[in-house]
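Protein sequences, first through last, are from chains L and U.
Numbering (the numbering used here) for the first sequence: 1 to 357.
Numbering (the numbering used here) for the second sequence: 1001 to 1523.
From the three backbone atoms N, C-alpha and C, an ideal C-beta is built for every residue, glycine too.
One structure below.
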Amino acid sequence: MTTTADSGVQSGPKAGGRSDTMRRARSVFANSGMIPALALVIVIGTMLSPAFLTAPNLSNVLRISAVVGLLAIGQTLVILAGGGGIDLSVGSVTAAAGVVGALYQGYGLTGTIVAALATGAFFGLVNGLGVTTARLQPFIVTLATLTIARGVAFQLSNATPIYVSVPGLDYLATGVILGIPVPIVILGAALLVGQLVLSRTVYGRKLYAMGGNEEAAFFSGINVNRLRLSVYVISGLLAGLAGVLATARLSTADANFGTGYELAAIAAVVVGGAPLTGGRGSILGTGVGVLIIALFENLLNLLNVNPWTQLMVTGLIVIVVVALNRKGEAGPDRRIWKGLPLYAALVAGALLLFFVL
Amino acid sequence: MTPMTPGTPKREREESIGSGERGTVRPPLLSLRGITKSFTGVTALSQVGLDVHAGTVHALVGENGAGKSTLMKVMAGVLQPDSGTIAVDGAAIRFHGPADARRRGISLVPQELSLMPHLSVAENIYLGCLPRRAGLVDRRALLRGAGELLERLGARVSPASLLGEHGPAVQQLVMIARGIVLDGKVYILDEPTAALTDPEIERLFAVLRELQSTGAALVYVSHRLNEITGLADEVTVLRDGHVVQHRSSSGVTEDELVRAMVGRSVERFFDRPGEPRTGSEPVLTVSGLTRRGVFEDVGFTVGAGEVVGLAGLVGAGRTEVARALFGADPVDAGEITVRGRRVRVRTPRDAIAAGIVLVPEERKSQGLVLNLSISDNIALPHLRSFARGPFVRTRRLRDHTKQASERLRVKAPSVSTPVGTLSGGNQQKVVLARWLTRQPALYILDEPTRGIDVEVKSEIYREIGRLADQGAGVLVISSELPELLGICDRILVMRQGRLVGAVPAHTTTEHEILEMAMGTGIS
Chain L
1 MTTTADSGVQ
11 SGPKAGGRSD
21 TMRRARSVFA
31 NSGMIPALAL
41 VIVIGTMLSP
51 AFLTAPNLSN
61 VLRISAVVGL
71 LAIGQTLVIL
81 AGGGGIDLSV
91 GSVTAAAGVV
101 GALYQGYGLT
111 GTIVAALATG
121 AFFGLVNGLG
131 VTTARLQPFI
141 VTLATLTIAR
151 GVAFQLSNAT
161 PIYVSVPGLD
171 YLATGVILGI
181 PVPIVILGAA
191 LLVGQLVLSR
201 TVYGRKLYAM
211 GGNEEAAFFS
221 GINVNRLRLS
231 VYVISGLLAG
241 LAGVLATARL
251 STADANFGTG
261 YELAAIAAVV
271 VGGAPLTGGR
281 GSILGTGVGV
291 LIIALFENLL
301 NLLNVNPWTQ
311 LMVTGLIVIV
321 VVALNRKGEA
331 GPDRRIWKGL
341 PLYAALVAGA
351 LLLFFVL
Chain U
1001 MTPMTPGTPK
1011 REREESIGSG
1021 ERGTVRPPLL
1031 SLRGITKSFT
1041 GVTALSQVGL
1051 DVHAGTVHAL
1061 VGENGAGKST
1071 LMKVMAGVLQ
1081 PDSGTIAVDG
1091 AAIRFHGPAD
1101 ARRRGISLVP
1111 QELSLMPHLS
1121 VAENIYLGCL
1131 PRRAGLVDRR
1141 ALLRGAGELL
1151 ERLGARVSPA
1161 SLLGEHGPAV
1171 QQLVMIARGI
1181 VLDGKVYILD
1191 EPTAALTDPE
1201 IERLFAVLRE
1211 LQSTGAALVY
1221 VSHRLNEITG
1231 LADEVTVLRD
1241 GHVVQHRSSS
1251 GVTEDELVRA
1261 MVGRSVERFF
1271 DRPGEPRTGS
1281 EPVLTVSGLT
1291 RRGVFEDVGF
1301 TVGAGEVVGL
1311 AGLVGAGRTE
1321 VARALFGADP
1331 VDAGEITVRG
1341 RRVRVRTPRD
1351 AIAAGIVLVP
1361 EERKSQGLVL
1371 NLSISDNIAL
1381 PHLRSFARGP
1391 FVRTRRLRDH
1401 TKQASERLRV
1411 KAPSVSTPVG
1421 TLSGGNQQKV
1431 VLARWLTRQP
1441 ALYILDEPTR
1451 GIDVEVKSEI
1461 YREIGRLADQ
1471 GAGVLVISSE
1481 LPELLGICDR
1491 ILVMRQGRLV
1501 GAVPAHTTTE
1511 HEILEMAMGT
1521 GIS
């Protein structure tokens, strides 16, 4: 029996609503325990480059990261839902949705947006059906749709970028609401809604439950198949929306767009503190993850680091942040010891690369 | 569990054949002394002593939960005892893992076979010690060796065929062949005949006798007492983790063994005002419930306010019936009626809507989301009822779940505490608390007190009584017969997927139930 045995029953007066909120806040913080890392990136950036912490630069970074940010929100839901959930198709689906939207530009802004969203939702539905009713592994299903969606994008666009000229579409790229660029507003709104859904709604609670223990959720009468299907559809829808934003920014729909974005989105989710095993994580954490990666890449740009080095450094950041984020799963000293061989190998690789080759 | 005051029960431990004459004769191949093992507060084995001699078959019997599996695992090095000594060939030794035991010639042939179905029979036999030549697997030597072994064991199986193509009998023999390859001296067989047909059993016995004649020792665990009297030289009876009898098997009757296995004291865990409610208006009527190959034609009723026990050996199909009633597994046939209304139950969702709820056997894997709070876990099936629009009304949910957890006296700093940090007993209370507000027609409780300490057990018993008093039907599955006798009005007994008896709990005995469950005696 626990040590609280004699204290009798549960919640004392202290455990009221406030401490619950506190606990939630703290757990959000712990899950996205990367706010210190974000602060660190900002401090380092400010010290190394005078252009870093300026409104135009930050605004630019955020505007560009809106697309990956939307994909990362969908990815968070899919990963959170557990069961090996992952959506590798989002990058390709973004391109396909953009192309389909461009083909419907004759129907104006609404037609473009609806066509793109419907395309995204359709691929999400295929993913979801593959995972739920067909019982295929998410990795396999979404890997297949990654290929299919890319093929669809090339086929429909004849492999040439489609110029898009829809009145009002450019507002989604260059418009400003209350001094904030529209893409940033959209990303911010999506983050906010996502966080609200996860933390406050019945849907969100069920999602955490299923991600934490699918069988227990099933035994509680939750329709786990429908729930799981829904996260893939939402992920597809957000990819469709990302396709719209990309088309608006570039004024073209390009079948090549978004290659590798699914990996960037996954990286943002794990940097944001969600384990790939599901059941934990938050949209705010993912938002922080997106920011860390985007700001870091921006900093490397400002410092004129060549793009190949940037790739390496970005990869390193993902490893290091995720490794540090594993606290709480093992004691602190154990964590350091267990990470040592990995860090040693990385350092050895870096030395080899720069001094021997 | 019955109260276990040390030393109170009289035990005829290690009479006749014992450690006394050591030194003059060969020491036993495997000898255990004072083995004690407990799991989070529950004692599984207490001061167990056992000798296994070369060229003999030593049978190990006991009820479900008597400690047989734990003892086997200790012998095979899978579990390390808390205290006590193990000696192989007279030399004391400490196993650090199953590999240690295997190196000393101790082979466990588990019930759930742990073989590789995609590899050949020969490869399975030689797994981990494949014959090699020049760094590569010597296939010819492999097939020849395996072929000879299989022939010796009387199995007409091509060593090159895939193991997965064969039934459990061959897999069993392959495990034994593996033991021979590893130069085994002691073979521990866990219910080896459970999945075998009669001719296969005959052949297995022939193999076992052959092994015995070569000087190997066998530890044989089986519920089929008639096998034991024919095969074994010695019998050890376990009860509640203690050795209660050890004797030569010559002249022993099945009845004597059953008598030794039972005999735990039974107490009424709560007083029901008025006499048993059997015969009241049924809340649940089941008829012809069948899931082919699992259970067959199961039919019974549970009355309002009645506590009905479901007894049977492990594998008799009790949990499977419970899962089917709850919609977790599909059924092939059968009707379920709840409070006079015929219901179709295809998912747990349907069952909950119909008024059937389940507290599952595995509370950690099936009952709880460990990283969520007590509150979230209790509210999980009824989130909708705490919602306004899509949003959960957190305060209402908390007030409600606090009430539910207070009623069951869940001990935790607050209802926001993650259930993963609670003790087993408190976790079980949370699973039970989840269903209280629903006021369902029928509670199915599958092993509700497994691994829970005595104090919490009695609280759960009281709660079961309370639920029945409020007019719900309660179906309790338990492997602890005294528990069923103590809390139930009526006990149903299952054997091999069939309902074989129903007896009023206040007049029956543990002995009677066990006989029905094992199929011994006259039936």
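{"Check": "State yes or no: is the beta carbon of Ala209 of chain L nearer than 8 Å to at least one beta carbon in chain U?", "Outcome": "yes"}
{"Check": "In three-state terms, what does DSSP make of Leu352 of chain L?", "Outcome": "helix"}
{"Check": "So if DSSP puts His1242 of chain U in a beta bridge, which residue, or which two residues, is it bridged to?", "Outcome": "U:Arg1239"}
{"Check": "Under 8 Å Cβ-Cβ, which residues of chain U neighbour Gly82 of chain L?", "Outcome": "The premise fails here: Gly82 of chain L is roughly 10 Å from chain U at the closest Cβ pair, so nothing lies under 8 Å."}
{"Check": "For Phe218 of chain L, go through chain U and note every residue whose CB falls closer than 7 Å to its CB, in chain order.", "Outcome": "Pro1348"}
{"Check": "Report the CB separation of Glu214 of chain L from Val224 of chain L in whole angstroms; it is logged as a contact under 8 Å.", "Outcome": "6 Å"}
{"Check": "In angstroms with no decimal places, state the Cα-to-Cα distance between Val1302 of chain U and Val1308 of chain U.", "Outcome": "7 Å"}
{"Check": "Where does Met1494 of chain U sit, in a helix, a strand or coil, going by DSSP?", "Outcome": "strand"}
{"Check": "At a CB distance below 7 Å, what residues from the region 193 to 205 of chain L approach chain U? Give them in sequence order.", "Outcome": "Arg200, Thr201, Val202, Tyr203 and Arg205"}
{"Check": "Under 7 Å between beta-carbons, which chain U residues line up against Gly101 of chain L? List them in chain order, please.", "Outcome": "What Gly101 of chain L touches in chain U: nothing, since even the nearest Cβ is about 29 Å away."}
{"Check": "Under a Cβ-count criterion, where at least 16 other Cβ atoms within 10 Å of its own Cβ denotes burial, should Arg1156 of chain U be classed as buried or exposed?", "Outcome": "exposed"}
{"Check": "Just mark Glu1165 of chain U as buried or exposed, buried being the case when its beta carbon has 16 or more other beta carbons within 10 Å.", "Outcome": "exposed"}
{"Check": "By the 9 Å beta-carbon criterion, what residues does the region 259 to 288 of chain L contribute toward chain U?", "Outcome": "Gly279 and Arg280"}
{"Check": "Let's see if you can read the secondary structure: which residues bound the alpha helix (DSSP H) around Gln155 of chain L?", "Outcome": "Pro138 to Ser157"}
{"Check": "Residues of chain L with CB under 7 Å from Arg1292 of chain U, in chain order?", "Outcome": "Here the premise fails: no neighbours, minimum Cβ distance about 22 Å."}
{"Check": "Out of U:Ala1441, U:Val1137, U:Asp1240 and U:Val1258, state which residue places its alpha-carbon closest to the alpha-carbon of Ala1353 of chain U.", "Outcome": "U:Ala1441"}
{"Check": "At a cut-off of 7 Å, would you count Thr1337 of chain U as near the ligand SAM, judging by its Cβ distance to the nearest heavy atom?", "Outcome": "Judged by which ligands are present, the structure shown has none, so any question about the ligand SAM falls away."}
{"Check": "Anything in the region 1339 to 1369 of chain U with a Cβ closer than 7 Å to a Cβ of chain L? List those residues in chain order, please.", "Outcome": "Pro1348, Arg1349, Ile1352, Leu1358, Pro1360, Ser1365, Gln1366, Gly1367, Leu1368 and Val1369"}
{"Check": "Exposed or buried, what is Thr145 of chain L when buried is set at 16 or more other beta-carbons lying within 10 Å of its beta-carbon?", "Outcome": "buried"}
{"Check": "Between the C-alpha atoms of Arg1026 of chain U and Gly1055 of chain U, what's the straight-line distance to the nearest angstrom?", "Outcome": "12 Å"}
{"Check": "Exposed or buried, what is Ala344 of chain L when buried is set at 16 or more other beta-carbons lying within 10 Å of its beta-carbon?", "Outcome": "exposed"}
{"Check": "Residues bridged to Leu1136 of chain U by DSSP?", "Outcome": "U:Arg1133"}
{"Check": "Please determine if the region 50 to 65 of chain L and the region 104 to 117 of chain L are in contact, where contact requires at least 3 C-beta pairs separated by less than 8 Å.", "Outcome": "no"}
{"Check": "Assuming Gly287 of chain L and Gly281 of chain L make a contact with CB atoms under 8 Å, what is their CB distance in whole Å?", "Outcome": "Actually they are not in contact, since the Cβ atoms of Gly287 of chain L and Gly281 of chain L sit about 11 Å apart, beyond 8 Å."}
{"Check": "CA-CA distance, Arg1152 of chain U and Arg1203 of chain U?", "Outcome": "11 Å"}
{"Check": "Flag this pair as touching only if the region 1284 to 1292 of chain U and the region 1330 to 1349 of chain U have three or more C-beta atom pairs under 8 Å; answer yes or no.", "Outcome": "yes"}
{"Check": "Would you say Val1042 of chain U lies against chain L (beta-carbon separation less than 8 Å)?", "Outcome": "no"}
{"Check": "Would Pro1098 of chain U pass as a contact of Ile1035 of chain U if the rule is Cβ separation under 8 Å?", "Outcome": "no"}
{"Check": "Any C-beta of chain L sitting closer than 8 Å to the C-beta of Arg1384 of chain U?", "Outcome": "yes"}
{"Check": "Could you tell me if Val1369 of chain U is buried or exposed, where buried requires 16 or more neighbouring beta carbons within 10 angstroms of its beta carbon?", "Outcome": "buried"}
{"Check": "What does Ala1472 of chain U touch in chain L if you count any residue whose Cβ is under 7 Å from its own?", "Outcome": "Here the premise fails: no neighbours, minimum Cβ distance about 18 Å."}
{"Check": "Given that a residue counts as buried once 16 or more other Cβ atoms are within 10 Å of its Cβ, and exposed if not, what is Trp308 of chain L?", "Outcome": "exposed"}
{"Check": "Distance, Cα to Cα, Met210 of chain L vs Lys1429 of chain U?", "Outcome": "21 Å"}
{"Check": "At a CB-CB cut-off below 7 Å, which residues of chain L make contact with Val1392 of chain U?", "Outcome": "Arg200, Thr201, Val202 and Arg205"}
{"Check": "Can you tell me whether Cys1488 of chain U is buried or exposed? The criterion is at least 16 other CB atoms within 10 Å of its CB, across all chains shown.", "Outcome": "buried"}
{"Check": "Just to confirm before moving on: does the CB-CB distance between Ala1101 of chain U and Ala1076 of chain U stay below 8 Å?", "Outcome": "yes"}
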